[in-house]
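Residue numbers (the numbering used here): 20 to 447. To start, the structure under review is shown below, and the notes come after it.
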Amino acid sequence: MVTEKLFLHVLIILVPTLLHGIFKEYNRYGSSPYAIGLFQGGATFCCLMFSFSSHDLFWDLRYVPLILAFVYGGRKSGFIVLGFILCGRTMLGGNALIVGYISVLISALFPFLLAKMAWGFSARKRIIFTIILGLGPSLVQLSILLISTALSPNVSIEASLIENVISFGTIQLIGICMASLIYEWMIERKIMKEKIQHAEKLNTLGELAASIAHEVRNPLTVVKGFLQLMNHDQKKERGEYDQYISLVLSELNRAESIISDYLTFAKPQFPKIEVFSLSDMFYDVLALLNPLAVKQGVNLHINVQIPLHLETDQNQLKQVFINLIKNSIEATDNSGTVTIHAQKEDDYVCVQVIDDGKGMNKEQLARIGTLFYTTKDRGTGLGTMVSLRIIEAMDGKITYKSEEGKGTEVHLLLPLNLERSHSMSARA
């Protein structure tokens with residue numbers, strides 16, 4: 020009977036422990052000592068509420084969450100659980116309330132003093148150490164029984180009482196072992212996740228370095244070739260070198276532009292925040308891209324709510340729309356259409372860039388914004404990455420919708436006031 024009830028308490032302890040693991044996975048406050056204290060405090064309180072009385076003693080596994088809290092959450096967590104135990108024990112009452120308080124405080128003393136030692140051990144040794152700490156409450160319970168028996172000569176220790184003590188100690192150790200395994204699994208999972216993130220960062224840095232080297236090397240190779248040619252043909256007149264010099268300068272400008280794009284991707288800067296007309300900016304962008312559209316045989320349409328003003332860095336935003344609209348033009352076949360819609364929605368501007376081009380499948384759509392991914396034969400994907408990075412830095416949102424053979428829609432949501440949006444984000 021005692022064994023069955025105590026196994027119910029093991030379940031009561033494991034459920035909050037698992038719930039804490041889920042909470043920790045999806046909430047940044049899950050690792051705080053207060054979170055561990057509250058989850059384990061709830062577990063110990065439930066154990067007390069489902070406690071059962073036998074031989075004038077309350078039998079439950081209240082000390083398992085206490086030990087877990089001290090070991091895996093620290094002293095703050097332990098004291099929170101200790102508070103739950105004292106409150107629950109007060110609610111239970113009984114003739115031996117003072118003895119109960121003393122038992123609780125003595126049982127809490129061992130994990131309070133020794134729990135910090137656990138983090139000097141490996142995971143396996145930490146579990147063993149936690150189990151050894153679990154022997155403390157059992158020894159305290161047994162000591163109280165022996166003292167009460169010694170003080171009452173007429174009271175003898177029954178065989179059933181000894182069985183209860185053995186069952187209590189054994190099941191308590193089983194509960195601690197199972198809960199410790201869950202916590203160690205959570206710790207191992209967190210470490211593995213951090214290692215994966217670190218490996219991804221290193222991989223990204225490696226790809227970034229390789230891409231920079233590749234992109235910058237191309238114009239530098241051209242420059243080197245022309246300089247070598249000029250060096251070998253020293254007999255030529257100065258004027259004959261002018262075409263070489265113009266090509267060299269053009270390639271150097273291209274290298275500078277590539278490096279500038281990488282710097283923008285790494286850390287977008289907004290040196291000049293100003294109020295400007297969105298429609299005027301779009302007409303400037305279309306004026307720049309109209310020759311490309313004519314060459315591709317693509318029609319450009321614009322539908323912008325007037326008046327519509329933004330307060331942000333116009334040059335950076337212009338670069339975003341040049342990249343997005345240029346991508347739409349290049350993805351659209353002859354006689355296709357690219358349409359730009361813009362309208363105000365509360366404190367935001369909603370912009371849509373819609374084309375009826377070749378579109379993308381689900382796999383391509385999922386990789387949009389991935390480092391160096393592009394659907395173009397000669398592209399690098401850097402323009403899209405820079406655009407996404409700028410919009411993110413402006414506290415905006417960008418989403419893609421596409422269907423193969425039907426076209427692509429790009430939806431942007433931008434705050435009307437960049438500085439106000441940044442201040443609100445900082446407060447949040």
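C-beta atoms are modelled at their ideal positions from N, C-alpha and C, and glycine is treated no differently.
- Non-local C-beta neighbours of V118 in its own chain, meaning closer than 7 angstroms and more than five positions away in sequence, comprise I163, ordered along the chain.
- A direct Cα-to-Cα measurement between Q191 and Q216 gives close to 38 angstroms.
- The three-state secondary structure of P434, taken from DSSP, is strand.
- Taking A198 as the centre and dropping the five residues before and after it, the same chain places the C-beta of I32, L33, T36, V83 and L87 closer than 7 angstroms to its C-beta, in chain order.
- Taking C-beta atoms under 8 angstroms as the contact rule, L85 and T63 qualify, at a distance of about 6 angstroms.
- Here L327 carries a coil assignment [DSSP, helix/strand/coil].
- For I410, the closest of D352, G355, V339 and E428 by C-alpha to C-alpha distance is V339.
- Per DSSP, S347 is one residue of the alpha helix (DSSP H) stretching across Q333 to A350.
- In the DSSP assignment, H320 is bridged to T358.
- Counting only runs of at least 3 residues, the stretch 259 to 308 fully encloses the following beta strand (DSSP E) elements, listed from N- to C-terminal order: 292 to 296.
- Scanning its chain for C-beta atoms nearer than 6 angstroms, with the 5 sequence neighbours on each side dropped, one finds around F42 the residues G49, in chain order.
- In the DSSP assignment, I417 falls outside any alpha helix (DSSP H) and within the unbroken beta strand (DSSP E) covering K416 to E422.
- Between A127 and V90, the alpha-carbon positions lie close to 12 angstroms from each other.
- In the same chain as V241, and ignoring 5 residues on each side of it, the C-beta atoms closer than 8 angstroms to its own belong to L266, V267 and E270, in chain order.
- Under the DSSP assignment, Y120 falls in the alpha helix (DSSP H) whose first and last residues are L116 to L133.
- Segment contact: the stretch 95 to 106 against the stretch 136 to 151, fewer than three CB-CB distances shorter than 8 angstroms; contact not assigned.
- Remark: three or more beta-carbon pairs, one from each stretch, lie closer than 8 angstroms, so the stretch 355 to 372 and the stretch 324 to 344 are flagged as touching.
- Of all C-beta pairs linking the stretch 314 to 324 to the stretch 347 to 354, three or more are shorter than 8 angstroms, placing the two stretches in contact.
- Exclusion of the five residues before and after K291 leaves D332, Q333 and N334 as the residues of its chain whose Cβ lies within less than 8 angstroms of its Cβ.
- Here the alpha carbon of F129 sits roughly 57 angstroms from the alpha carbon of F289.
- It is roughly 24 angstroms from the alpha-carbon of Q247 to the alpha-carbon of S276.
- Contact between I344 and V323 does not hold, since their C-beta atoms are separated by about 13 angstroms, which reaches or exceeds 8 angstroms.
- Beta-bridge analysis with DSSP links V313 to no other residue.
- Residue pairing by DSSP puts T427 in a beta bridge opposite D374 and S421.
- For Y367, the beta-bridge partners assigned by DSSP are E364 and P434.
- Here I195 is not near G155, since their CB atoms are 8 angstroms or more apart.
- If you look at M136, you'll find it isn't in any alpha helix (DSSP H); DSSP assigns it neither H nor E.
- Under the criterion of beta carbons closer than 8 angstroms, S347 and G376 qualify as touching, at roughly 7 angstroms.
- Nearest to V405 by alpha-carbon distance, out of V29, L336, V370 and A350, is L336.
- The criterion of a C-beta distance shorter than 8 angstroms is satisfied by Q160 and V184.
- The three-state secondary structure of S72, taken from DSSP, is strand.
- By alpha-carbon distance to K420, the top candidate from I146, A385, N436 and G61 is A385.
- In this structure, F77 lies near L111, with their beta-carbon atoms less than 8 angstroms apart.
- If you ignore the 5 residues before and after N342, its C-beta comes within less than 6 angstroms of the C-beta of G402 and S406, all in its own chain and listed in chain order.
- For the set G188, G424 and D261, the Cα lying nearest the Cα of M249 is the one of D261.
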